[in-house]
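*Asks:* Just so you know, the sequences run in chain order A and B.
With this note's numbering applied, the first sequence corresponds to residues 1075 to 1544, in that order.
With this note's numbering applied, the second sequence corresponds to residues 1075 to 1544, in that order.
This structure is in structure tokens; I'll ask about it shortly.
There are 2 protein chains.
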Amino acid sequence: MALKDLEVFERNETGIQTALSILKQRFGEQFADSHALREQHSHTMTYIPKQLPDGVVFARSTEEVRDIVMVCAEHGVPIIPFGTGTSLEGGVNAPAGGISVDLTQMDQIISVNSEDLDAVVQPGVTREALNEYLRDTGLFFPIDPGANASLGGMAATRASGTNAVRYGTMRENVINLTVVMPDGSIVKTANRARKSSSGYDLTKLMVGSEGTLGIITELTVRLFGIPEAISAGVCSFPTVEDACNATILAMQTGIPMARIELLDAEMVRVINKYANLSYPETPLLMLEFHGSPDGVKEQSELFGEIVKDCGGGDFEWVTKTEDRNKLWKARHEAYWAIKSNFTVKVGIATDVCVPISRLADCVRETEEDIRNAGLYGPIVGHVGDGNFHSTLMVDPDDVEEVARAEAVIERMVMRALAMDGTCTGEHGVGQGKRKFARIEHGVGSDVMLAIKKAIDPNNIMNPGKLIGPA
Amino acid sequence: MALKDLEVFERNETGIQTALSILKQRFGEQFADSHALREQHSHTMTYIPKQLPDGVVFARSTEEVRDIVMVCAEHGVPIIPFGTGTSLEGGVNAPAGGISVDLTQMDQIISVNSEDLDAVVQPGVTREALNEYLRDTGLFFPIDPGANASLGGMAATRASGTNAVRYGTMRENVINLTVVMPDGSIVKTANRARKSSSGYDLTKLMVGSEGTLGIITELTVRLFGIPEAISAGVCSFPTVEDACNATILAMQTGIPMARIELLDAEMVRVINKYANLSYPETPLLMLEFHGSPDGVKEQSELFGEIVKDCGGGDFEWVTKTEDRNKLWKARHEAYWAIKSNFTVKVGIATDVCVPISRLADCVRETEEDIRNAGLYGPIVGHVGDGNFHSTLMVDPDDVEEVARAEAVIERMVMRALAMDGTCTGEHGVGQGKRKFARIEHGVGSDVMLAIKKAIDPNNIMNPGKLIGPA
């Protein structure tokens, strides 16, 4: 298999029709092929055009997933796993058709092991459903990418979000997976021990593999005790650089911030308007501290001193739960806040991640580039991780404008790579970042390709995603 | 390649002689083949018999490692990477001969990026050398497996140790690797960004691969701020179960303990004698707290309350730095403390790791089993991780005694696996745990084998380790 074989290939029409007929027979009402449903199953929250699967099967167990995979494997038909459809990079598109395996009905929480601080769940459980279930246990699952995504999808895409700076990403929080492999075999990647030095780390190989190596049908995830005290606050800075410097110092000091989010001046303007807030329209940090009451107090006082040293304004406390929820709701709805100012235009959400020492440069140069390109694209960032996003607004029918946005994204990626960063911190590769991932990984791409070929020799698992030509 | 092909194979005598002659010519004084040196390079700190490599090359750069690999690849000769030789499971043995690549001269610290809290180092840098270098920066590298191992070796074996409960293992603390692959290509597995969702996680695949997929020639590791305050203490418990329950409660409460070590009653007796201490000879927890002065105080007070609830004795503070060092020195020298009571007998150090909820059962049943087998083997454990060790003392010439010890280890592993644990928490698979890893991973072993075959089709990288028949 050469790289070009991973390119979008011809539809295997005979195979697809055979598989559809077998699956329809085998799965009855769990099978569907209406246009509306197929369209929903290629949903991507961006401008990337939809490429519909030929049929959708709603799987209810690991064994059913295995049966679907066996049918598709036998007939050489692409398989696209589907969680909640919140991919930003075309993760569930079907460039050569095939079968979408919908895992939303696999939504059982199998066990919560409070002594071990873990939970075993099916892949269709969403992060909100898990936290709702955990409500009375004093435990919570921290990873929060904004969308109420499914845990299977979050694992498959190595999702993270606002509080990864404290709790890590899905990489750190998935302990064990059950995966249906492309040949139908069922693999348990690990066990519930907190650590192991036994064998290759199959769990971490599967986390972030975007469905290209197998389908996750069960997960064990880490849980954390709900902090005794939570406090949040905001602080304005004259420049992005000052805000980044405060972040760097806070990280160096070891303040265990649960969230530290940067909004550029334009993003603050948008959020003020959308959420009826009145922050100074300069770069803003939104923070959250978790711990004991004394611990939280100490953390925030320490941070307050750092802010002063970095030229920041007063640190404004947000202590009431409802005000805190309002704050984070505004942050999470950044995309919709931006979108609310446009009718025709849609957003191309993109992200990169760099070593934190380079973050200020990367954000400032990106802001300038967006402005120089005549585009509109506010910036938000999970700055504790060196990860930031821009949402570039384009008219999808304006070919020239889309091309300008794509050029900005390409320069943003090249800037991040030149700073020893990555082409995507948390959005994933999917279709949109495939050519950049190839550049980023260089010879490493050949190793990834060798692994892909060894595990999925017929390239039936989510083809056209993650790995591909430069 | 079937599993049996990974078994110890015939020596490729012609290839080995050719490679030796080329490498001798190419590397001059960096090449050595004296018996003493070859014996040192098969050193394993256990009873596993030495299997000597045919020659040793002291590599000084990534390019030199590549050159060695290219010669060995061309002539089908095994390559065994060598760090400090502190493997407990035969990790540097050469069952079919071959070339030991000694990386100790690659001992440069390339950069310390204090803003990014990371350091780029060559693989021969030891953890103590790195921390010595960092002394004036306010930063430190936390992973401490006891031995002053090389960072390359620690990454290759996914090492951890006493403070993994707070800072994670090498899995969490290696950010990026440069690896010479079996075909001589040089792969950078990632970059210095704190997180990424771009492509398969090659870093985590290489961490713990025990030299079977390539040779690590550069690492980026995470650093942490030296805590403002450190306090330590010990606490005795009537039973192992009580100590485990205190540990579970402390973990659930979210106390960020830096170390929490269990010693069984016999281990306390041994340490008391060896280090001239006088702890009550019942199960003992040794703890360390890191944080701000107030934070550490709060953590330890919280822990004190938990101890009371769990029937523990008084929490005895160890505040002076020299007393704290004495405490941890005693813990780290557990093996030598045990060994000091024996002349002929040597220790078989073994470990397993289970979900923490099962730890008390696993330790108690293992203690009973050791006693019933008529063996001597005190137990120590990194209990916050559910990981514990026993050192079974045997006369290596007493075949029957060694067999009894091996049977105890087999039952210990099976007990851990039945509790959804792993056959090794931190010692690695090497030669000693290969058959158990096969049982642990089941179908997953086939996936590992497929990866091994894809990356090292001629099985030249550290053959006979990690992966093999049941």
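Glycine is no exception: its CB is placed at the ideal position from the N, C-alpha and C atoms.
Under a Cβ-count criterion, where at least 16 other Cβ atoms within 10 Å of its own Cβ denotes burial, should residue 1472 of chain B be classed as buried or exposed?
*Replies:* Counting from one through the second sequence, the residue named residue 1472 of chain B turns up at place 398. The residue is exposed, with fewer than 16 neighbouring Cβ atoms inside 10 Å.
*Asks:* Going by Cα to Cα distance, which pick from B:1478, B:1408 and B:1527 is closest to residue 1221 of chain B?
*Replies:* By one-based count along the second sequence, residue 1221 of chain B stands at place 147. That would be B:1408, whose Cα lies nearest to the Cα of residue 1221 of chain B.
*Asks:* Could you give the uninterrupted runs of the beta strand (DSSP E) lying entirely in the region 1286-1364 of chain A, keeping only those of 3 residues or more?
*Replies:* 1289-1296, 1303-1310 and 1331-1337
*Asks:* With residue 1389 of chain A as the anchor, note down where its beta strand (DSSP E) starts and where it stops.
*Replies:* Here the question's residue 1389 of chain A lines up with position 315 in the first sequence. Counting along the chain, the beta strand (DSSP E) containing residue 1389 of chain A begins and ends at 1389-1392.
*Asks:* What is the residue span of the beta strand (DSSP E) that residue 1427 of chain B lies within?
*Replies:* Sequence index remark: in the second sequence, residue 1427 of chain B carries index 353 (1-based). Here the beta strand (DSSP E) through residue 1427 of chain B covers 1420-1427.
*Asks:* Count the other C-beta atoms from every protein chain shown that fall within 10 angstroms of the C-beta of residue 1078 of chain B, then say buried if there are 16 or more, exposed otherwise.
*Replies:* For the purposes of this step, residue 1078 of chain B is taken as residue 4 along the second sequence, with counting starting at 1. The pLDDT assigned to residue 1078 of chain B is 49, lower than 50, so where the model puts this residue is not dependable; a value taken from the coordinates is nonetheless given after this. Residue 1078 of chain B is exposed by the Cβ-count criterion.
*Asks:* So, at 6 Å on beta carbons, what are the nonlocal neighbours of residue 1322 of chain A in its own chain, with the 5 sequence-adjacent residues on each side left out?
*Replies:* As a first step, residue 1322 of chain A is located in the first sequence; it is residue number 248 there, counting from the start. Hits under 6 Å: 1430.
*Asks:* Rounded to the nearest angstrom, how far is the Cβ of residue 1192 of chain B from that of residue 1296 of chain B, given a contact under 8 Å?
*Replies:* As a working mapping, residue 1192 of chain B is identified with position 118 in the second sequence. As a working mapping, residue 1296 of chain B is identified with position 222 in the second sequence. Indeed, because the Cβ distance is near 6 Å, the residues count as touching under 8 Å.
*Asks:* Mind the definition here: the region 1524-1539 of chain B touches the region 1168-1175 of chain B only if three or more C-beta pairs lie below 8 Å; say whether that holds.
*Replies:* Using a Cβ-Cβ distance cut-off of 8 Å, the region 1524-1539 of chain B and the region 1168-1175 of chain B are in contact, since at least three pairs of beta carbons, one from each stretch, lie closer than that value.
*Asks:* Grab the span of the alpha helix (DSSP H) containing residue 1515 of chain A for me, first residue to last.
*Replies:* Looking up residue 1515 of chain A in the first sequence gives position 441. Looking at the DSSP string, the run of the alpha helix (DSSP H) that includes residue 1515 of chain A is 1508-1515.
*Asks:* Would you mind stating whether residue 1274 of chain A and residue 1325 of chain B have Cβ atoms separated by less than 8 Å?
*Replies:* Along the first sequence, read from residue 1 onward, the residue named residue 1274 of chain A stands at position 200. Along the second sequence, read from residue 1 onward, the residue named residue 1325 of chain B stands at position 251. In this structure, residue 1325 of chain B does not lie closer than 8 Å to residue 1274 of chain A by Cβ.
*Asks:* In the region 1454-1475 of chain A, which residues sit with their C-beta less than 9 Å from some C-beta in chain B, listed in chain order?
*Replies:* 1456, 1458, 1459, 1460 and 1461
*Asks:* Alpha carbon to alpha carbon, how far is residue 1292 of chain A from residue 1423 of chain B? Give it in angstroms, no decimals.
*Replies:* Along the second sequence, one-based indexing puts residue 1423 of chain B at 349. Along the first sequence, one-based indexing puts residue 1292 of chain A at 218. Computed Cα separation, rounded: 34 Å.
*Asks:* What did DSSP end up calling residue 1227 of chain A once you bin it into helix, strand or coil?
*Replies:* If you number the first sequence from 1, residue 1227 of chain A lands on position 153. The answer is helix: DSSP assigns residue 1227 of chain A an H, G or I state.
*Asks:* Does residue 1119 of chain B come out as helix, strand or coil in the three-state DSSP assignment?
*Replies:* Within the second sequence, the letter at position 45 stands for residue 1119 of chain B. Here residue 1119 of chain B sits in coil by DSSP.
*Asks:* Given residue 1427 of chain B, which residues of its chain have a CB within under 6 Å of its CB, disregarding the five upstream and five downstream residues?
*Replies:* Translated into the one-based positions of the second sequence, residue 1427 of chain B becomes position 353. Cβ neighbours of residue 1427 of chain B beyond the five flanking positions: 1460, 1461, 1495, 1496 and 1499.
*Asks:* Which whole-angstrom value describes the C-beta separation of residue 1201 of chain B and residue 1228 of chain B, a residue pair presumed to lie in contact below a C-beta threshold of 8 Å?
*Replies:* Translated into the one-based positions of the second sequence, residue 1201 of chain B becomes position 127. Translated into the one-based positions of the second sequence, residue 1228 of chain B becomes position 154. Rounded, the Cβ-Cβ distance is 7 Å, consistent with contact.
*Asks:* Run through the region 1187-1230 of chain B for me and flag every whole alpha helix (DSSP H) of 4 or more residues, listed as ranges in chain order.
*Replies:* 1201-1208 and 1225-1230
*Asks:* With DSSP collapsed to three states, give me the class of residue 1093 of chain B.
*Replies:* To locate residue 1093 of chain B, count along the second sequence from 1; it is residue 19. In this structure, residue 1093 of chain B counts as helix in the three-state DSSP scheme.
*Asks:* Looking only at its chain, what residues have a beta carbon closer than 6 Å to the beta carbon of residue 1075 of chain A, apart from the 5 residues adjacent to it on each side?
*Replies:* Position 1 of the first sequence, counted from the first residue, corresponds to residue 1075 of chain A. Note that residue 1075 of chain A has pLDDT 42, beneath the 50 cutoff, so the model's placement of it is unreliable and the number below is only indicative. Same-chain partners within the cutoff: 1527.
*Asks:* Could you please give the first and the last residue of the uninterrupted beta strand (DSSP E) stretch that includes residue 1456 of chain B?
*Replies:* Here residue 1456 of chain B corresponds to residue number 382 of the second sequence, with the count starting at 1. Element bounds for residue 1456 of chain B: 1453-1456.
*Asks:* Tell me the rounded alpha-carbon separation between residue 1369 of chain A and residue 1374 of chain B.
*Replies:* Sequence index remark: in the first sequence, residue 1369 of chain A carries index 295 (1-based). Sequence index remark: in the second sequence, residue 1374 of chain B carries index 300 (1-based). Put simply, the backbone Cα of residue 1369 of chain A is about 13 Å away from that of residue 1374 of chain B.
*Asks:* Can you check the region 1113-1159 of chain B for any beta strand (DSSP E) of at least 3 residues that lies completely inside it and give the ranges in chain order?
*Replies:* 1129-1132 and 1153-1156
*Asks:* Mind checking which residues open and close the alpha helix (DSSP H) that includes residue 1412 of chain A?
*Replies:* Walking along the first sequence from the start, residue 1412 of chain A turns up at place 338. Taken as a continuous stretch (DSSP letters only), the alpha helix (DSSP H) holding residue 1412 of chain A covers 1408-1413.
*Asks:* Over the uninterrupted beta strand (DSSP E) stretch that includes residue 1253 of chain B, give me the two end residues.
*Replies:* Taking the second sequence and counting its residues from 1, one reaches residue 1253 of chain B at position 179. Looking at the DSSP string, the run of the beta strand (DSSP E) that includes residue 1253 of chain B is 1248-1254.
*Asks:* Using the C-alpha atoms, what's the distance from residue 1436 of chain A back to residue 1272 of chain B?
*Replies:* Start at 1 with the first residue of the second sequence, and residue 1272 of chain B comes out as number 198. Start at 1 with the first residue of the first sequence, and residue 1436 of chain A comes out as number 362. Taking the straight line joining both Cα atoms gives about 18 Å.
*Asks:* Leaving out five residues on either side along the sequence, give the residues of the same chain with a beta carbon under 7 Å from the beta carbon of residue 1485 of chain B.
*Replies:* Taking the second sequence and counting its residues from 1, one reaches residue 1485 of chain B at position 411. Answer for residue 1485 of chain B: 1443, listed in chain order.
*Asks:* Compute the beta-carbon to beta-carbon distance between residue 1345 of chain B and residue 1336 of chain B, rounded to the nearest angstrom, for a pair I have assumed lies under 8 Å.
*Replies:* Residue 1345 of chain B sits at position 271 when you count from the first residue of the second sequence. Residue 1336 of chain B sits at position 262 when you count from the first residue of the second sequence. Their Cβ separation, rounded to whole angstroms, is 12 Å, which puts residue 1345 of chain B and residue 1336 of chain B out of contact at 8 Å.
*Asks:* Where does residue 1530 of chain B land, buried or exposed, given buried means 16+ other C-beta within 10 angstroms?
*Replies:* The sequence position of residue 1530 of chain B within the second sequence is 456, counting from 1. Counting Cβ neighbours within 10 Å, residue 1530 of chain B comes out buried, since at least 16 surround it.
*Asks:* Can you give me the start and stop residues for the alpha helix (DSSP H) that residue 1482 of chain B sits inside?
*Replies:* Locating residue 1482 of chain B in the second sequence gives position 408, counting from the first residue. Element bounds for residue 1482 of chain B: 1473-1492.
*Asks:* At a Cβ threshold of 8 Å, is residue 1232 of chain A touching chain B?
*Replies:* Here residue 1232 of chain A refers to the residue found at position 158 when the first sequence is read from its first residue. Interface residue, yes.
*Asks:* For residue 1466 of chain B, which three-state DSSP category applies?
*Replies:* Taking the second sequence and counting its residues from 1, one reaches residue 1466 of chain B at position 392. Here residue 1466 of chain B sits in strand by DSSP.
*Asks:* Would you say residue 1263 of chain A faces chain B, with C-beta separation under 8 Å as the test?
*Replies:* For the purposes of this step, residue 1263 of chain A is taken as residue 189 along the first sequence, with counting starting at 1. It does; some Cβ of chain B falls within 8 Å.
*Asks:* Using the Cβ count rule (16 or more neighbours within 10 Å means buried), how would you classify residue 1109 of chain A?
*Replies:* Counting from one through the first sequence, the residue named residue 1109 of chain A turns up at place 35. Classification of residue 1109 of chain A: exposed, given that the 10 Å Cβ count is below 16.
*Asks:* Spatial neighbours of residue 1450 of chain A within its chain, please: C-beta separation below 7 Å, excluding the five flanking residues on both sides.
*Replies:* Start at 1 with the first residue of the first sequence, and residue 1450 of chain A comes out as number 376. Here the set comprises 1467.
*Asks:* Within 10 angstroms of its Cβ, does residue 1362 of chain A collect 16 or more other Cβ (buried), or is it exposed?
*Replies:* One-based indexing of the first sequence puts residue 1362 of chain A at position 288. Burial call: buried.
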